[in-house]
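>
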Amino acid sequence: MSVETTAGEGSGKKESRQAFLLRYIQQNHYISIDEITRLFSVTTQTARRDVMALEQLGRVRRLHGGAATITAIDPIALRQRRTENAAQKAKVAAIVADIVPDGAAVFIDTGTTCEAVAQALMSRRDLRVVTYSLRVATILSENSTFSIAVPGGFVRPVDGGVFQEDTADYVRRFKFDLAIISVSGIDDDGDICDDDHAEVAVVSAALAQSGRKILAVDSSKFGRRALVRLGSLRDVDILVTDALPQTPLLAKVRASGVEVHT
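Count the sequence shown with our numbering and you get residues 1344 to 1605, in order.
Structure (structure tokens):
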């Protein structure tokens, strides 16, 4: 395989390569630096410069080892999520709020379920919260006893998620009593999955720093398979949901040893 250097590279060739790269990321949601070097026969340095150029134009999000789309979530689907299963999400959120003690250090994920959790947590006092969701942070900011930390970076317009290449590193600076996460789906193998590489990277970092891990999902997420695997039910301590799944997933839940609250 040939290796290309950027010395004397024409702007037309570079723009053509970056345009193709952007289309690839839009279709596949993510590409690694290694994939870029193989696809275009360029050096790692050139691949990184292409990703940085697209990030500066606001077209992609730079991640450790690659790049992802700015919006992996469909805006129409997200609006529907805010209205669908709202009652179930409120029940889930109330149970989660009962588990969280006053004064706890908490990581809170992004998404409509976690927004409902944030609203339910308003009855708590002295929480120390880290979140990469501006919507969650805005809700919690109404409680004057809370301290809230949010990373810097690009804001995803569709859901208010904040992302930058070092967002996962930012989260690793903290230690949490609890991590509260939600996902796009839990498939019949018992794997918990999401649709966005950047979210999975941030949540994985938070789980590694947490004493207890709470997975909060309404029952519509059971049996769904999403794009990126985050882990399995064995990787969380508590599952909070409005109703148990049907078999075969129910057998996976019981075998995982996760503590279930309904």
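For glycine and all other residues, C-beta sits at the position ideal for the given N, C-alpha and C.
Quick caveat: nothing in here was measured; it's all calculated off a predicted structure.
By Cβ distance below 7 angstroms, which residues in the same chain neighbour A1463 in space, the five residues on each side in sequence not counted?
Indexing the sequence shown from 1 puts residue 1463 at position 120. These residues qualify, in order along the chain: A1436, A1437, V1439, A1440.
> Which ranges does the alpha helix (DSSP H) cover as unbroken runs of at least 4 residues, wholly within the region 1517-1599, from first to last along the chain?
Restricted to the region 1517-1599, the alpha helix (DSSP H) segments that are unbroken, complete and at least 4 residues in length are 1540-1551, 1592-1599, listed in chain order.
> Should H1540 go down as buried or exposed, given a rule of 16 or more other Cβ atoms within 10 Å for buried?
On the sequence shown, position 197 is the one that residue 1540 refers to. By the neighbour-count rule (16 or more Cβ atoms within 10 Å), H1540 is buried.
> From F1565 to Q1552, what distance separates their C-alpha atoms?
For the purposes of this step, residue 1565 is taken as the residue at position 222 of the sequence shown. For the purposes of this step, residue 1552 is taken as the residue at position 209 of the sequence shown. Their Cα atoms are separated by approximately 26 angstroms.
> Pull the bridge partners of F1506 from the DSSP assignment, please.
If you number the sequence shown from 1, residue 1506 lands on position 163. In DSSP, F1506 forms a bridge with F1497.
> Given that a residue counts as buried once 16 or more other Cβ atoms are within 10 Å of its Cβ, and exposed if not, what is E1485?
If you number the sequence shown from 1, residue 1485 lands on position 142. Counting Cβ neighbours within 10 Å, E1485 comes out exposed, since fewer than 16 surround it.
> Within the same chain, show all residues whose beta-carbon is closer than 8 angstroms to that of Q1369, passing over the 5 residues directly before and after it, in chain order.
The residue you call residue 1369 lines up with position 26 of the sequence shown. Once the five neighbours on either side are set aside, the close Cβ partners of Q1369 are T1412.
> Where does L1483 fall in DSSP's three states?
Walking along the sequence shown from the start, residue 1483 turns up at place 140. The answer is helix: DSSP assigns L1483 an H, G or I state.
> Is it buried or exposed for D1502, if we count other Cβ within 10 angstroms and need 16 for buried?
Here residue 1502 refers to the residue found at position 159 when the sequence shown is read from its first residue. Under this definition D1502 is a buried residue.
> Leaving out five residues before and five after R1360 in sequence, what residues of the same chain have Cβ atoms less than 8 angstroms from its Cβ?
Position 17 of the sequence shown, counting from 1, holds the residue named residue 1360. Result list for R1360: F1383, V1385, D1393, in chain order.
> Which residues in the same chain as L1587 place their Cβ atom closer than 8 angstroms to its Cβ, once the five residues preceding and following it in sequence are excluded?
Taking the sequence shown and counting its residues from 1, the one referred to as residue 1587 is at position 244. Counting only Cβ-Cβ distances below 8 angstroms, and skipping sequence neighbours, we find S1562, L1593, V1596, V1603, T1605.
> Strictly by DSSP, which residues pair up with T1412?
Locating residue 1412 in the sequence shown gives position 69, counting from the first residue. For T1412, the pairing in a beta bridge is given by DSSP as V1403.
> Tell me which same chain residues have a C-beta within less than 6 angstroms of the C-beta of A1390, skipping the five on either side of it?
Here residue 1390 corresponds to residue number 47 of the sequence shown, with the count starting at 1. Closer than 6 angstroms at Cβ, skipping near neighbours: I1376, I1379, T1380.
> For R1515, which residues of its own chain have a beta-carbon under 8 angstroms away from its beta-carbon, when the five flanking residues on both sides are left out?
Against the sequence shown, residue 1515 aligns to sequence position 172. Cβ within range, chain order: A1548, A1551, Q1552.
> I need the boundaries of the alpha helix (DSSP H) containing T1453, first residue and last residue.
Here residue 1453 corresponds to residue number 110 of the sequence shown, with the count starting at 1. T1453 -> no alpha helix (DSSP H), and no H or E assigned at all.
> Near M1465, what residues of its chain come up, given a Cβ to Cβ distance below 8 angstroms and the 5 sequence neighbours on each side ignored?
Sequence index remark: in the sequence shown, residue 1465 carries index 122 (1-based). Its chain contains I1482, L1483, E1485, N1486 as the residues whose beta carbon lies nearer than 8 angstroms to that of M1465, once the 5 sequence neighbours on both sides are disregarded; these appear in chain order.
> Have a look at S1575 and I1535 and give me their C-alpha separation to the nearest angstrom.
Locating residue 1575 in the sequence shown gives position 232, where the first residue counts as 1. Locating residue 1535 in the sequence shown gives position 192, where the first residue counts as 1. Answer to the nearest angstrom: the Cα atoms are 5 angstroms apart.
> Look up A1463 in the DSSP assignment and say whether it is helix, strand or coil.
Numbered from 1 along the sequence shown, position 120 holds the residue referred to as residue 1463. Reduced to three states, the DSSP call for A1463 is helix.
> If you draw a straight line from the alpha carbon of A1410 to that of A1480, how long is it in whole angstroms?
Your numbering for residue 1410 matches position 67 in the sequence shown. Your numbering for residue 1480 matches position 137 in the sequence shown. Distance between the alpha carbons of A1410 and A1480 is about 25 angstroms.
> If I1523 sits next to C1457, beta carbons under 8 angstroms apart, how far is it from one beta carbon to the other, in whole angstroms?
On the sequence shown, position 180 is the one that residue 1523 refers to. On the sequence shown, position 114 is the one that residue 1457 refers to. Rounded, the Cβ-Cβ distance is 7 angstroms, consistent with contact.
> Could you tell me the distance, in whole angstroms, from the CA atom of Y1323 to the CA atom of E1542?
Residue 1323 is absent from the model: the chain starts at 1344 and stops at 1605.
> Mapping the DSSP letters down to three states, classify R1471 as helix, strand or coil.
Start at 1 with the first residue of the sequence shown, and residue 1471 comes out as number 128. R1471: strand per DSSP, three-state reduction.
> Compute the distance between the beta-carbons of D1531 and P1591, then report whether it is under 8 angstroms.
Within the sequence shown, residue 1531 is the residue found at index 188, counting from 1. Within the sequence shown, residue 1591 is the residue found at index 248, counting from 1. Against a cut-off of 8 angstroms, the Cβ pair of P1591 and D1531 comes out as a contact.
> To the nearest angstrom, report how far apart V1473 and F1517 are at their CA atoms.
Here residue 1473 refers to the residue found at position 130 of the sequence shown. Here residue 1517 refers to the residue found at position 174 of the sequence shown. V1473 and F1517: Cα-Cα distance of roughly 8 angstroms.
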